[in-house]
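See below for the structure under consideration.
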Amino acid sequence: MRKRVELELLSPLMCGGMRIADNFLESEPFIRGSVLRAAFANLILLECPLADKPGKNGELNFVDEKDPDGVCADCPKKAICRAFSDMYFSFAYPDHAIPAPFTLKGCKTAGLKHRMQDTVFQNGRLQCSDCNDGLKRMESVKGLIKEAETESGYAKVPIETVLTTHTAINYDSHTAEEGRLFTVRAIPKGTVYTAEIDDCDSGMLSVGNIIYVGKYASAGYGKVLIRSVADVQTVTEERISTDIAAFQKNLAVENKAALLFRSDAILAIPVNHSVLSSEEYRAIWQKAMFGAEENAVIVEKVFAETQLYSGYCTGRKWGEWKDSEPVLQVKKGTSVLLEINDMQKAISVLTKLAVNGVGKRTNDGFGEVIVCHPLHRLGVIANDNSKL
Numbered sequence: 040m041r042k043r044v045e046l047e048l049l050s051p052l053m054c055g056g057m058r059i060a061d062n063f064l065e066s067e068p069f070i071r072g073s074v075l076r077a078a079f080a081n082l083i084l085l086e087c088p089l090a091d092k093p094g095k096n097g098e099l100n101f102v103d104e105k106d107p108d109g110v111c112a113d114c115p116k117k118a119i120c121r122a123f124s125d126m127y128f129s130f131a132y133p134d135h136a137i138p139a140p141f142t143l144k145g146c147k148t149a150g151l152k153h154r155m156q157d158t159v160f161q162n163g164r165l166q167c168s169d170c171n172d173g174l175k176r177m178e179s180v181k182g183l184i185k186e187a188e189t190e191s192g193y194a195k196v197p198i199e200t201v202l203t204t205h206t207a208i209n210y211d212s213h214t215a216e217e218g219r220l221f222t223v224r225a226i227p228k229g230t231v232y233t234a235e236i237d238d239c240d241s242g243m244l245s246v247g248n249i250i251y252v253g254k255y256a257s258a259g260y261g262k263v264l265i266r267s268v269a270d271v272q273t274v275t276e277e278r279i280s281t282d283i284a285a286f287q288k289n290l291a292v293e294n295k296a297a298l299l300f301r302s303d304a305i306l307a308i309p310v311n312h313s314v315l316s317s318e319e320y321r322a323i324w325q326k327a328m329f330g331a332e333e334n335a336v337i338v339e340k341v342f343a344e345t346q347l348y349s350g351y352c353t354g355r356k357w358g359e360w361k362d363s364e365p366v367l368q369v370k371k372g373t374s375v376l377l378e379i380n381d382m383q384k385a386i387s388v389l390t391k392l393a394v395n396g397v398g399k400r401t402n403d404g405f406g407e408v409i410v411c412h413p414l415h416r417l418g419v420i421a422n423d424n425s426k427l
């Protein structure tokens, strides 16, 4: 069963994304599920006498029950190692935040102090209904947002950072490298992140435990306290049905639904392709999300940003960590408008999507989607959100 876990930073966190410059490293404001998995794996491997032994398929730095009848038989962590590959780790965000949908619009003058609108299904003229100066202009809302007592019901989550300067070390001579000062922009200690983790009832999650997350752990970064653990209510077909009904009622529309990507997703979308028509592009998304044969739910519109990502796999031999081919990642905040042809079947399909995610590496939190999130229900209904 999945559990909601609160993680408090006891030291600054450096959870890197793309390196912009060699002398400046900036932390992402969120923690990927794969990074959380690595933190727990490292904690286990530091205590494991078989840490240097390859896994069943030759993987290095890999958590597994490597000697079931020998050393592992009496190990108190054997249940954790046995289930580790099946565990689920979501992306973690600060202060119960979510990524703003790419379709979300806020007042250009007052920001989220005025009511927001959403254009995943644009059913009216887009203009701020709370402005009295005649401009009423709106712009995209970006970054992380959370529920708050404001006119819009939400507020932006400010991402505080702390800057530190370091000297690069030559590990051969154990001396400082000349001209190699670099700066780290990290998330400060005291920040609280929330993630969902399924430890397969192995007992891995325990309040008060310390893990080390992200980069520079040996230099004191990334010390994290597990502050609380609570059960998460499972997504059901009844809940999905209710959310779809609310979406259709608020937008005064039939046979429509919307998806919000809460995390990045790795879909089977070609990296290199020629210029595509709208129909061809929708067909690619349809196949990637539901399969070419699925006709109960049809992709109608896509509001997405993508990026090429090529990381490292530390389970390989030294010198072979680099991934051979980059993959196309769909960024969190992506929104998809769906047309429903068979409501009952669509509810079943979308429930599975909400529970299991979409695309590759879903156990590392990639491809997490929310069906008909309240933000998508805002619409542009004559610039009047009173129905909410």
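Every number in this note's numbering is 39 more than the matching position in the sequence shown, counting from 1. Don't be surprised by glycine CBs; every beta carbon is placed ideally from N, CA and C.
Following the DSSP letters along the chain, one finds residue 44 inside the beta strand (DSSP E) bounded by residues 42-48. A straight line joining the alpha-carbon of residue 104 with that of residue 119 spans about 9 Å. In this structure the stretch 387-402 touches the stretch 273-283; the number of beta carbon pairs closer than 8 Å is three or more. Taking the CA atoms as reference points, residue 94 sits about 51 Å from residue 191. The C-beta distance from residue 180 to residue 136 rounds to 12 Å, too long to meet the 8 Å contact threshold. Straight-line spacing of the CA atoms in residue 367 and residue 113 works out to 43 Å. Note that the C-beta distance between residue 263 and residue 232 is below 9 Å. For the 9 Å CB-CB criterion, residue 397 and residue 335 do not form a contact.
Three or more pairs of CB atoms, one per stretch, sit closer than 8 Å, so the stretch 42-53 contacts the stretch 223-237.
With fewer than 16 neighbouring CB atoms inside 10 Å of its own CB, residue 57 falls in the exposed class. A straight-line Cα-Cα distance of about 6 Å links residue 408 and residue 298. The C-beta separation of residue 147 from residue 165 comes to about 11 Å, leaving the pair out of contact by the 8 Å criterion.
In the structure shown, the three-state DSSP call for residue 113 is helix. Around the beta carbon of residue 154, 16 or more other beta carbons sit within 10 angstroms, so the residue counts as buried. Linking residue 163 to residue 286 through their CA atoms gives a straight-line distance of about 16 Å. In its chain, beyond the 5 residues on either side, 264 and 265 have a beta carbon closer than 8 Å to the beta carbon of residue 247. Positions of the alpha helix (DSSP H) runs, each at least 4 residues long and wholly inside the stretch 136-202, cannot be given because no such run exists.
Sorting 255, 300, 351 and 108 by C-alpha distance to the C-alpha of residue 100 places 351 at the top. Residues 307 of the same chain have their beta carbon placed closer than 8 Å to that of residue 326, with the five preceding and five following residues left out of the count. A direct Cα-Cα distance of roughly 17 Å separates residue 84 from residue 109. Setting aside the 5 residues that flank it on each side, residue 141 is surrounded in the same chain by 179, 342, 343, 344, 372, 373 and 374, each with a C-beta closer than 8 Å to its C-beta; the list follows chain order. By the C-beta criterion, the stretch 65-73 is judged to be in contact with the stretch 128-135, since at least 3 inter-stretch pairs fall below 8 Å.
Straight across, the Cα-Cα distance linking residue 254 with residue 413 is about 35 Å. Cβ-Cβ distances below 8 Å link residue 201 to 51, 224, 225, 226 and 227 in the same chain, with the five nearest sequence neighbours on each side left out; the list follows chain order.
Beyond the five residues adjoining it in sequence on each side, residue 116 comes within less than 7 Å, by CB distance, of 83 in the same chain, given in chain order. Residue 149 sits close to residue 169, with the two beta carbons spaced by under 9 Å. Taking every protein chain shown into account, the CB of residue 65 has 16 or more other CB atoms within 10 angstroms, so this residue is buried. In the three-state reduction of the DSSP assignment, residue 278 falls in the helix class. Taken through DSSP and simplified to helix, strand or coil, residue 125 comes out as helix. If you look at residue 342, you'll find it in the beta strand (DSSP E) that goes 336-342. Per DSSP, reduced to three states, the secondary structure at residue 388 is helical.
Closest by C-alpha distance to residue 203, out of 300, 236, 259 and 252, is 259. For residue 379, the beta-bridge partners assigned by DSSP are 336. For residue 75, the enclosing alpha helix (DSSP H) starts and ends at 72-86.
Nearest neighbour of residue 184 by Cα position, chosen from 91, 198, 339 and 177, turns out to be 198. Selection 399, 242 and 338 evaluated against residue 40 yields 242 as nearest (Cα-Cα).
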